[in-house]
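Chains as they are written, first to last, in this note's numbering: chain A, 1 to 250; chain B, 1001 to 1334; chain C, 2001 to 2286. Here is the structure we will look at, set down as C-alpha cells.
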Amino acid sequence: MSLSARDVTKRFGGLTALAKVSLELKPGEVHGLIGPNGSGKTTLLNLLSGYYRPDGGMIAIDETDISDATVQKRAGFGVARTFQKPRLLPTLSVLDNAMLGGWRDARAGFLSTAFCLPQVKADELALRSRAEELLHGVGLSHAINRRANLLEHAEQRFLEIARGLAQRPRFILLDEPAGGLTPAEIEHLGAVIRVMRESGVGVLLVEHHTDFVFRISDRVTTLDVGAVIKRGTPDEVKRDPEVIRVYLGA
Amino acid sequence: MHLPKKSISILVVLAALIALPWWAGDLYKLHLAALICAYWVLIGGLNLVVGYSGQLSIGHVGLLAIGSYCFAILAGTHGVHPALAIAASGALCALCGLLLGLPSLRLPGFYFAMATLAFALIVTEITLAQGTLTGGGVGLAVPGFAPPFDTPRGTYWLILAIAVLVTWLTWNVARHTWGRGLVAVRDSAVTAQAVGVPVFRAKLTVFVFSGFTAGVAGALFAVLQSYITPDTFVFDLGLFFFVCIIIGGRGHILGPAIGTIVLTALPEMVAPLAKLGNFFYGLLLLAVVLLVPEGIGRVFELLIERFRPRRGESHVVKPDLDRLAKAIEQGRAQ
Amino acid sequence: MFVALITGLATGALYAAAALTYNVMFSTSKVLSVTTGHISMLGGIFGAWFISTLGWPIPVALVGAMGIGAVFGLLTDFIAIRRVLARSDEHLWLLSTLALATMVQQAAGLWWGTEPKPFPRLIPQDFSAGLGDQKYWLPIVIAILLAMALELFYRRTLYGKLFVAMSEDAFAARARGIPTGRIRSMSYVIAGAMGGLAGFAAGQLTFAYFALGLTLTLNGFIALAVGGLGSNAGALVGGAALGILSAVATYFVGGEYQQTISVGLLMVVLLVKPAGLFGSQSVRPV
Chain A
1 MSLSARDVTK
11 RFGGLTALAK
21 VSLELKPGEV
31 HGLIGPNGSG
41 KTTLLNLLSG
51 YYRPDGGMIA
61 IDETDISDAT
71 VQKRAGFGVA
81 RTFQKPRLLP
91 TLSVLDNAML
101 GGWRDARAGF
111 LSTAFCLPQV
121 KADELALRSR
131 AEELLHGVGL
141 SHAINRRANL
151 LEHAEQRFLE
161 IARGLAQRPR
171 FILLDEPAGG
181 LTPAEIEHLG
191 AVIRVMRESG
201 VGVLLVEHHT
211 DFVFRISDRV
221 TTLDVGAVIK
231 RGTPDEVKRD
241 PEVIRVYLGA
Chain B
1001 MHLPKKSISI
1011 LVVLAALIAL
1021 PWWAGDLYKL
1031 HLAALICAYW
1041 VLIGGLNLVV
1051 GYSGQLSIGH
1061 VGLLAIGSYC
1071 FAILAGTHGV
1081 HPALAIAASG
1091 ALCALCGLLL
1101 GLPSLRLPGF
1111 YFAMATLAFA
1121 LIVTEITLAQ
1131 GTLTGGGVGL
1141 AVPGFAPPFD
1151 TPRGTYWLIL
1161 AIAVLVTWLT
1171 WNVARHTWGR
1181 GLVAVRDSAV
1191 TAQAVGVPVF
1201 RAKLTVFVFS
1211 GFTAGVAGAL
1221 FAVLQSYITP
1231 DTFVFDLGLF
1241 FFVCIIIGGR
1251 GHILGPAIGT
1261 IVLTALPEMV
1271 APLAKLGNFF
1281 YGLLLLAVVL
1291 LVPEGIGRVF
1301 ELLIERFRPR
1311 RGESHVVKPD
1321 LDRLAKAIEQ
1331 GRAQ
Chain C
2001 MFVALITGLA
2011 TGALYAAAAL
2021 TYNVMFSTSK
2031 VLSVTTGHIS
2041 MLGGIFGAWF
2051 ISTLGWPIPV
2061 ALVGAMGIGA
2071 VFGLLTDFIA
2081 IRRVLARSDE
2091 HLWLLSTLAL
2101 ATMVQQAAGL
2111 WWGTEPKPFP
2121 RLIPQDFSAG
2131 LGDQKYWLPI
2141 VIAILLAMAL
2151 ELFYRRTLYG
2161 KLFVAMSEDA
2171 FAARARGIPT
2181 GRIRSMSYVI
2191 AGAMGGLAGF
2201 AAGQLTFAYF
2211 ALGLTLTLNG
2221 FIALAVGGLG
2231 SNAGALVGGA
2241 ALGILSAVAT
2251 YFVGGEYQQT
2261 ISVGLLMVVL
2271 LVKPAGLFGS
2281 QSVRPV
C-alpha cells in the first residue's frame, strides 16, 4: 500500500514546474523531500493532495489512478496534509479546529444534525475524545479551549498536525512543518513525526531544514528545477556530489 | 457548574417571551413582537448562509415574497388549510432556493451577491406581471391562521413557537460538525477541502434550508401584514435582514437575534430613525465593517477578555508521546 | 420596433458606461464597488438640480456633475476601500461599498424626493425629432467616447500605463516604487467623473431618480460580466447586447420581464464562457 507520483509533469503557462517526477510514499516511513526554493516541492505536494491536476503521468494509491480525484475524495482515501502557512479557523477554539479533522467520520447528515438525533451526540462524543487525545498528544493540553487566533506560531503548527491526524490518515503530507520553530520545538516535532511513523502512518516531509530532514527521514528525495536529482537513504543523498553542488554547496 | 446557569437563563427568557402578551401592554407592541419573531424565522435560516458559510445573500426578500404570495394564494384564493399552506410556502421556497443556488453558489462572492439581488428584482417583476395570480400592483388580502391561532395572542404564540424551533435547529447545526464545516467554508475553503468538506454541497444545503425558513417566514409575515402588494417586499427589506446578521456578528446566533430585535424595534421607538431608515442601517453597517468586522457581539467578548486578564498563559508545546501513539493507533483501528 | 430598439441601445449604452466605471476602479483595486451605479445617479440628480433649480449654464452644470461624481469616487476610496483592503477578509469591501451605496441612495431620496423628476434639455432640439432625439443618442455617444478615451489614456499616458501595471500585478508595482495608494485614489476620481458624466448625459432618458443607482449597479455589472471583466470593448458589447436583447424582448413579450431577461443572458454567457465574451482573466481572483 502506497501513495505515489509516477512520472508527473506540471506546467503553469509556459513554465514547467515539474518534469516527469516520481516519488513513492509507503506507510510507516518518513520520506523527506528537499530542494532549493522553486524546485517544485510544494507543487508536488499539491499534486499528491489533489489541489492540482497533473499535465502528464499519474498520482496513484497502490495501483489505482487517483489523478482526477478531488481533494475531498483523497481525504477519503486517507491523505491528510498541513500547509506552509497554517490555515486554521481563527474564530473557533483549538478543540473545534482539531475536531474539524473528523468531518468525514461524522455520520449524521444536515437534517439529523438540525434535529439533534442520537447519532449526532454519538458522533460528537467520539470526535471530541479523539481530538482531545490528539491535542494532549501533540502538546496542546494548555490551549484546548483557547480561540485559535490567540495561538502562537508553533502552537498553530502542532494544531494543524492534530487536525490532520484527526482525519485518521494513512498518509500525512507536512509542508515545511519546522518553519519558524525554535530548536526545542523542532525536537518536539521530530518526536511527534517518529510516533506517527511507528503507528504506521506514511509521512511526507517537505522541508528547508536539511539537517532535520536527514536526521529523521528513512528516505530522501531531492528536487532541483522540477526534476529529481537524487533519491535514497539520508547518507546516500548527503554524499551525492550533485546534491552537494546544487543544494548544500554554498 | 456552567451548564445549569445557561439553561436557567434560557428558561427565564423563554418564559418571559411566552408571557409577553401580559406584560407588553398594548396590541401594537404584541404585533411588533410577532413581526420580530417572523423576521427571525427568516434571519435565523439566513444566518447559516451569511454568518456561517459566508455567502453574502442580499436578496432573501425575494424568497420572503414568494412565501407570502404562496400562502396568500393557497390559503386565501383556494381555501387551503393555513397549516398546510405554511408548509407549502416553505417547500416552494426551498425549491426556489435550490434553483437559485445551483448556478449562483459556484460563483465568486460579488457575483453571488449580485445574483441574489437580481433574483429579488425578478420576483418583484413577476409578481407585477402575473396579475391574475398575484393581484399585480393592487395586491392580495391574506387570511389569518386557523383557530386557536386566529387571535392576536394566538398568532403571536404560533409565530414565537416557530421562531424558537428555528433557533433550536440552527443552534444544533452551528455547534456540531456541520457548523465547523460551514465556518471552514467561510474562513478557508482550502482547509475545508483538505478535511473533506464538500464545499459546494455544504453551501447549497444551508441555502436550501434558508429558502425553507424564508418561505415559512413569508407566510407568517403575510398574515401579520394582512394585505400584501409588491411594495411590501422592497429590496431594502432584504438589505435589512442581511444587516441584522452582519451587525450581530458572523458565526453567532445570539448576536444576529439581538440585532434583529434592536433594528426592528429601534425605529419604532425613536421616530427620527424611522425617517432616516436605510441611511441609519447603512451607517451602522459601515461603522461595524470598519471598526469591528466580527460584529458587535465581538465587542462584548473583547471587553470580557479585558476584564479577565490571562494569568501568564503558557504557549509551550509539550507533546505527550505515549498518549499520541495511543490516539493514532486507536484511530487507525477504527 | 425602432423606438424599442433605440431605447434599448441608449439604455444599454448607459449600462456600458457603468461597466466602464467598474473597470476603472477594478483595475487598480480589484474591487467591484456596489456604489458604481450610484455615481451616475448622483450625476443625474445634481445635473438636474444645477440646471433647473440653480439656473447654471449647461457646460458649468456638466462640469459640476462630473465634479460631484469625482468627489463621491474619492470618498468611496477613502471611506469604503482604503481601510478595508488592508485587511485580509475578501468580503469586507463588498459590505463597505454596499453600506455606502445604501446611505447615499437614502440620503438622495430624502433630499431630492422619491419621485423621478424630469431632466432639462441639454441641446436645443424640437421634441418632434423622434428617433433622432438627443435623449437616445447622447448616452450612446458618451459611452463610445468614454471607451475610446480610456483606451487612449491606458496606451498613451504615463498614468494610464501605471494603471495597467497595477492591474496586472499590484504587488510588483508597489515593489517598483509606484505609489499604489495614490494611483488607486486617482482611478476612483476618474471613475467618479466618468460615472457623473454618464449619468448627466443619460438624464433625459432615465430622469433624475434616486433609485436608479441599484438597478444600474446590477445591470452595469451584468454588461461587464457578459463582456468580460477588465475589457473595455467587452463593456461596450455587453451593454449593447443587453440593450438590444431587452428591446427585442419588450417588442415581442412586453416590457414586464426586462430584469429576468438580462439575468437570463448573463446566465447563458457564464455557462458558455465563464470569463465573459472578451474576458481573458478567469473569474477566480474576484
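Even for Gly, the Cβ is constructed at its ideal location relative to N, Cα and C.
Classification of residue 160(A) by the beta-carbon crowding that lies within 10 angstroms, buried from 16 upward | buried
Name the chain B residues whose beta carbon is nearer than 8 Å to that of residue 60(A)?
-> Those do not exist, as residue 60(A) stays about 20 Å from chain B at its closest Cβ, beyond 8 Å.
Kindly say whether residue 1195(B), judged by its beta-carbon, lies nearer than 9 Å to any beta-carbon of chain A.
-> yes
Just to confirm, are residue 2195(C) and residue 2040(C) a CB contact at a threshold of 9 Å?
-> yes
Of the listed residues 124(A), 215(A) and 247(A), nearest to residue 230(A) (C-alpha basis) = 247(A)
Quick one, which of 116(A), 171(A), 202(A) and 122(A) has its alpha-carbon nearest residue 1165(B)'s?
-> Taking only the C-alpha atoms, the option nearest residue 1165(B) is 116(A).
Short-range partners of chain A found in the stretch 1160 to 1190 of chain B, where Cβ spacing is below 7 Å | 1169, 1172, 1173, 1176, 1177, 1178, 1180, 1181, 1183, 1184, 1187, 1188 and 1190
Which two residues bound the contiguous alpha helix (DSSP H) that contains residue 2064(C)?
-> 2058 to 2075
Residues that DSSP places opposite residue 1227(B) in a beta bridge = 1141(B)
Same chain, Cβ closer than 7 Å to residue 138(A), five either side skipped, listed in chain order | Here the set comprises 158, 161, 162 and 192.
Reference residue 1317(B), options 136(A), 217(A) and 118(A), closest by Cα = 136(A)
Counting Cβ pairs, one atom from each stretch, are 3 or more of them under 8 Å apart for the stretch 2119 to 2135 of chain C and the stretch 1276 to 1295 of chain B?
-> no
Kindly say whether residue 1301(B), judged by its beta-carbon, lies nearer than 9 Å to any beta-carbon of chain C.
-> no
What residue ranges within the stretch 144 to 229 of chain A form continuous alpha helix (DSSP H) runs of no fewer than 4 residues, ordered along the chain?
-> 153 to 166, 183 to 198 and 210 to 216
Backbone CA spacing between residue 2221(C) and residue 2070(C) [nearest angstrom] = 20 Å
Exposed unless 16 or more other CB atoms sit within 10 angstroms - verdict on residue 1191(B) | Residue 1191(B) should be labelled buried.
Give the interface partners of residue 2221(C) over in chain B, defined as CB-CB distance under 7 Å, in chain order.
-> 1114
DSSP three-state call for residue 1060(B): helix, strand or coil?
-> helix
With a CB to CB cut of under 8 Å and the five nearest residues on each side skipped, what residues in its chain are close to residue 105(A)?
-> The answer, listed in chain order, is 123, 126, 127 and 168.
Alpha carbon to alpha carbon, what distance is there between residue 2258(C) and residue 2143(C)?
-> 21 Å
What three-state label does DSSP hand residue 1001(B) in the structure shown?
-> Note that residue 1001(B) has pLDDT 45, beneath the 50 cutoff, so the model's placement of it is unreliable and the number below is only indicative. DSSP places residue 1001(B) in coil when its eight states are reduced to three.
Just mark residue 152(A) as buried or exposed, buried being the case when its beta carbon has 16 or more other beta carbons within 10 Å.
-> By the neighbour-count criterion, in which 16 or more other beta carbons inside 10 Å mark a residue as buried, residue 152(A) falls on the exposed side.
Residues of the stretch 1270 to 1300 of chain B with a CB closer than 9 Å to any CB of chain C: list them in chain order, please.
-> 1275, 1276, 1277, 1278, 1279, 1280, 1281, 1282, 1283, 1284, 1285, 1286, 1287, 1288, 1289, 1290 and 1293
Below 8 Å, can you find three or more Cβ-Cβ pairs linking the stretch 1009 to 1023 of chain B to the stretch 54 to 69 of chain A?
-> Counting Cβ pairs under 8 Å, fewer than three are found: no touch.
Below 9 Å between beta carbons is the criterion; list the residues of the stretch 1219 to 1253 of chain B that meet it against any residue of chain C, in chain order.
-> 1235, 1236, 1239, 1242, 1243 and 1246
Between 1194(B), 1082(B) and 1096(B), which lies nearest to residue 74(A) when the distance is taken from Cα to Cα?
-> 1194(B)
For residue 1305(B), count neighbouring C-beta atoms within 10 Å of its own C-beta (all shown protein chains included) and say buried if the count is 16 or more, exposed if not.
-> exposed
Would you be able to state if there are at least three C-beta pairs under 8 Å between the stretch 1118 to 1125 of chain B and the stretch 1228 to 1246 of chain B?
-> yes
What do you reckon, are the CB atoms on residue 1223(B) and residue 1299(B) nearer than 9 Å?
-> no
Shorter than 9 Å from the beta carbon of residue 2283(C) to some beta carbon of chain B?
-> For residue 2283(C), the predicted model reports a pLDDT of 37, less than 50, meaning its position is unreliable; a value from the coordinates is still stated below. Residue 2283(C) counts as touching chain B.
For residue 1029(B), name the three-state secondary structure that DSSP assigns.
-> helix
Check the Cβ-Cβ distances between residue 1106(B) and every residue of chain E, and say whether any is below 9 Å.
-> Absence of chain E from the displayed structure is noted, the protein chains being A, B and C.
Identify whether residue 2286(C) lies in helix, strand or coil by the three-state DSSP scheme.
-> Low confidence applies here, because residue 2286(C) scores a pLDDT of 26, under 50, leaving its location unreliable; read the following figure in that light. DSSP places residue 2286(C) in coil when its eight states are reduced to three.
With residue 2019(C) as the anchor, note down where its alpha helix (DSSP H) starts and where it stops.
-> 2002 to 2029
Which of helix, strand or coil does DSSP assign to residue 1176(B)?
-> coil
Please report how far the alpha carbon of residue 99(A) lies from the alpha carbon of residue 235(A), in whole angstroms.
-> 39 Å
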